[in-house]
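Those protein sequences? They're chains A and B, same order as listed. Here the first sequence stands for residues 0 to 304, numbered as in numbering that gives the first Met the number 0. Here the second sequence stands for residues 0 to 288, numbered as in numbering that gives the first Met the number 0. Working notes, beginning with the structure itself.
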Amino acid sequence: MAASYHAEHGTLLERFFARNRGPILVAPALAVLVIMNIFPLLWSFGLSFYRYRANRIKEPEFVWFKNYQKVLTDPVVWERFQTTAIIVTVDVLLQLVVGFLLALLFEKTFPGRRVLLMLVLTPMMLSFVAVGAFFRYYYEPTFGLLSQGIKAITGEPFILLGSEVGALAGIIFADVWMWSPFVMLLVLAGLVSVPKHLYEAAEIDRASWWRRFWTITFPYIRGLLLLAILFRTIEAFKLFDIVFLITEGGPGTSTETIAVYVYRVAFQYFKTSQSAALGYILLFVVIVLTNLYLFFVRRRDVEDQ
Amino acid sequence: MARRRREIGKAGWGRTAFSTVISFIYFFPVLWIILTAFKTHTDALSTPPKFIFTPTLENFVSVFARAYERGGAAVDTHFDLFFFNSIFIAGASVGVALVIGTIAAYGFSRWPLRGNETYLFIILTTRMLPPIIVIIPIFIMFRLSGLSGSYIGIILLYAAFNLPFTIWMMKSFFDEIPREVEDAARMDGSSEMKIFFRICLPQVKAGIAATAVFGLILTWNEFLFALLLTGRDTRTVPVAMAQTIGGDIGVRWGLLAAIETLFLIPVVFVTFLLQNQLLRGVTFGTIKR
Numbered sequence: 000m001a002a003s004y005h006a007e008h009g010t011l012l013e014r015f016f017a018r019n020r021g022p023i024l025v026a027p028a029l030a031v032l033v034i035m036n037i038f039p040l041l042w043s044f045g046l047s048f049y050r051y052r053a054n055r056i057k058e059p060e061f062v063w064f065k066n067y068q069k070v071l072t073d074p075v076v077w078e079r080f081q082t083t084a085i086i087v088t089v090d091v092l093l094q095l096v097v098g099f100l101l102a103l104l105f106e107k108t109f110p111g112r113r114v115l116l117m118l119v120l121t122p123m124m125l126s127f128v129a130v131g132a133f134f135r136y137y138y139e140p141t142f143g144l145l146s147q148g149i150k151a152i153t154g155e156p157f158i159l160l161g162s163e164v165g166a167l168a169g170i171i172f173a174d175v176w177m178w179s180p181f182v183m184l185l186v187l188a189g190l191v192s193v194p195k196h197l198y199e200a201a202e203i204d205r206a207s208w209w210r211r212f213w214t215i216t217f218p219y220i221r222g223l224l225l226l227a228i229l230f231r232t233i234e235a236f237k238l239f240d241i242v243f244l245i246t247e248g249g250p251g252t253s254t255e256t257i258a259v260y261v262y263r264v265a266f267q268y269f270k271t272s273q274s275a276a277l278g279y280i281l282l283f284v285v286i287v288l289t290n291l292y293l294f295f296v297r298r299r300d301v302e303d304q
Numbered sequence: 000m001a002r003r004r005r006e007i008g009k010a011g012w013g014r015t016a017f018s019t020v021i022s023f024i025y026f027f028p029v030l031w032i033i034l035t036a037f038k039t040h041t042d043a044l045s046t047p048p049k050f051i052f053t054p055t056l057e058n059f060v061s062v063f064a065r066a067y068e069r070g071g072a073a074v075d076t077h078f079d080l081f082f083f084n085s086i087f088i089a090g091a092s093v094g095v096a097l098v099i100g101t102i103a104a105y106g107f108s109r110w111p112l113r114g115n116e117t118y119l120f121i122i123l124t125t126r127m128l129p130p131i132i133v134i135i136p137i138f139i140m141f142r143l144s145g146l147s148g149s150y151i152g153i154i155l156l157y158a159a160f161n162l163p164f165t166i167w168m169m170k171s172f173f174d175e176i177p178r179e180v181e182d183a184a185r186m187d188g189s190s191e192m193k194i195f196f197r198i199c200l201p202q203v204k205a206g207i208a209a210t211a212v213f214g215l216i217l218t219w220n221e222f223l224f225a226l227l228l229t230g231r232d233t234r235t236v237p238v239a240m241a242q243t244i245g246g247d248i249g250v251r252w253g254l255l256a257a258i259e260t261l262f263l264i265p266v267v268f269v270t271f272l273l274q275n276q277l278l279r280g281v282t283f284g285t286i287k288r
């Protein structure tokens, strides 16, 4: 083989390249990632042990775990976690339901499917800013579509974002609209993987739709549903842009997710090191979820081969 | 691989009719924005909302021209610059990420390192992590080095931001192509360079295109980094749009809708073209079918 030929003969340089092909190929990418991602991450980690504010000249002071202690015992932080948990739970559940129903709609081929699929898939590809701006316009109290629609029915003016529940609902609605197509894509992938002969057999047995779903369809989409849940949970956990644009965390702080809170701590209160500590707690959660996600991805790959 | 045979049933025009209704309801928020973009200021704010109106292009003109008047004086919106910035920054950063990332993906796929999976996991994590964690040090780094508000800074950052995605996507494409041809070429004494450029790259051409377009959309849409790290001259459209909502022309919804329409037309177009690669794209190449 040519590769081993160069590794043993060739000039010094040729031998070096032949023996270290893998590292050489990935080195530039790793270098960029180390500079722009890993190094800032470590810096953040370091910062989280100091007392430091980015808008002051004062030298950072080493305080061990004080920032973590402060953050973890702060009732405000727990409140933000609670808000985030509510949003994540409802958000992901609704995305599953809507995504699943959409998948049933597009499960079979029919004339015009490709074009219609484009209409449904578009929200997922849009910018959070654009989606945030849309819904801000629709929720607008006087001339927003939603407010006008409800006013036409009840006769009373309607301010969705005025109440705590309404604001949460408004954010969740926008996010569900945006990301249900994602779930749909995964469910569709599962649905087409179900062998047709199983359905034919079920038909001969006169199995009910419900039974057919649980015993044939569900086992085939289970794995992908789990992946959808994990992926959407990771993303919903980081929910920032939509909240920032639709409610800015209000009314009061009732829709302030943990990601928005970290942003405020870092760039409005300038408690730089505290926000780093809090950021690291978020990172830990995301790493655990990403690990789980990859575990199930690999298991699915193995099962399929 | 037997399980993955695509068996897709057929439905008739009845399903088309039903799906059309549902799809249009789903698409309605986008559709309404596009309609709003063609309305005059009064039509956009009318109660009850107007479904039938005389379309006007004044909003689109206002997006770029020194168009809307405030106290008699015309104000330049600079949106031509912001659109240029968005295109230029996305193009340059995706280009850099694509070159570096494709080479790395080839390495991870064909010449696995010791601890290959760990590297890949860490790379994916850098994409999944809440951006807020890295942004504090990057903010400080940029301020200290003077990169803040410059093109080169934001392009480098976006290249790094696109890199994990590019590597995972391209690795999934490289993993799919059979190795027999490469091995045969190697037996015949082809150089590694030749094998990469003449045999492997041509087979993943479609993959490169899909990865590039996805990267462009991700970058085109990005908001948080752009908000904190671009200056007046390098501002991208999402940031300018957010400022438009909060700022002095916040009530000019027709204008905002026109900006949004221009901003999302390329995305809708691309969604149509990329339909078959969409699943892989949105899951960073972890789920292929």
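We treat Cβ as the ideally placed atom computed from N, Cα and C, and that holds for glycine. This structure is a prediction, so every number in the text was calculated from the model and none was measured.
{"Query": "Any chain A beta carbon closer than 8 Å to B/N220", "Result": "yes"}
{"Query": "C-alpha distance - B/R4 paired with A/L190, whole-angstrom precision", "Result": "Note that B/R4 has pLDDT 48, beneath the 50 cutoff, so the model's placement of it is unreliable and no number is given."}
{"Query": "Beta-bridge pairing of A/R307 - partner residues as DSSP gives them", "Result": "In the structure as shown, chain A begins at 0 and stops at 304. Residue 307 of chain A is therefore absent and cannot be evaluated."}
{"Query": "Where the stretch 75-107 of chain B meets chain A: residues whose CB sits under 7 Å from a CB there", "Result": "I99, G100, I102, A103, Y105, G106 and F107"}
{"Query": "Outcome for B/V62 when other beta-carbon atoms lying within 10 angstroms are tallied against a minimum of 16", "Result": "buried"}
{"Query": "Interface positions of the stretch 121-137 of chain B facing chain A (Cβ-Cβ less than 7 Å), listed along the chain", "Result": "I122, L123, T124, T125, M127, L128, P129, I131, I132, V133, I135, P136 and I137"}
{"Query": "Supposed contact pair B/P237 and A/S126 - C-beta distance, whole angstroms, cut 8 Å", "Result": "5 Å"}
{"Query": "Contacting positions in the stretch 20-32 of chain B - beta carbon closer than 8 Å to chain A", "Result": "I21, S22, F23, Y25, F26, P28, V29, W31 and I32"}
{"Query": "Own chain, CB closer than 8 Å to A/I171, minus 5 neighbours either side, in chain order", "Result": "I86, V89, D90 and L93"}
{"Query": "A/G131 versus A/I245: straight-line alpha-carbon distance, rounded", "Result": "5 Å"}
{"Query": "Cβ pair count under 8 Å reaching 3, the stretch 176-192 of chain A against the stretch 230-243 of chain A", "Result": "yes"}
{"Query": "B/A209, enclosing alpha helix (DSSP H) - first and last residue", "Result": "K204 to N220"}
{"Query": "Opposing strand residues paired with B/K9 [DSSP bridges]", "Result": "A/T108"}
{"Query": "The stretch 192-206 of chain B in contact with the stretch 258-270 of chain B per 3-pair CB rule at 8 Å", "Result": "no"}
{"Query": "CB contact below 8 Å: A/P110 versus chain B", "Result": "yes"}
{"Query": "Residue span of the alpha helix (DSSP H) that contains A/K69, given as start and end", "Result": "K65 to L71"}
{"Query": "Member of B/S108, B/D187, B/I176 and B/F160 whose CA lies at the smallest distance from the CA of B/N220", "Result": "B/F160"}
{"Query": "Whole runs of the alpha helix (DSSP H) within the stretch 206-283 of chain A, excluding any shorter than 4 residues", "Result": "208-211, 217-236, 240-245 and 257-266"}
{"Query": "Distance CB(B/T260)-CB(B/A36) smaller than 8 Å", "Result": "yes"}
{"Query": "Every unbroken alpha helix (DSSP H) inside the stretch 91-143 of chain B [4 residues or more]", "Result": "115-127"}
{"Query": "Contact the stretch 112-124 of chain A vs the stretch 10-22 of chain B: 3+ CB pairs below 8 Å", "Result": "yes"}
{"Query": "A/A102 at chain B interface by Cβ criterion, 8 Å", "Result": "no"}
{"Query": "Through-space distance from A/R14 to B/L226, alpha-carbon basis", "Result": "48 Å"}
{"Query": "Between the CA atoms of A/H196 and B/G8 - distance to the nearest angstrom", "Result": "12 Å"}
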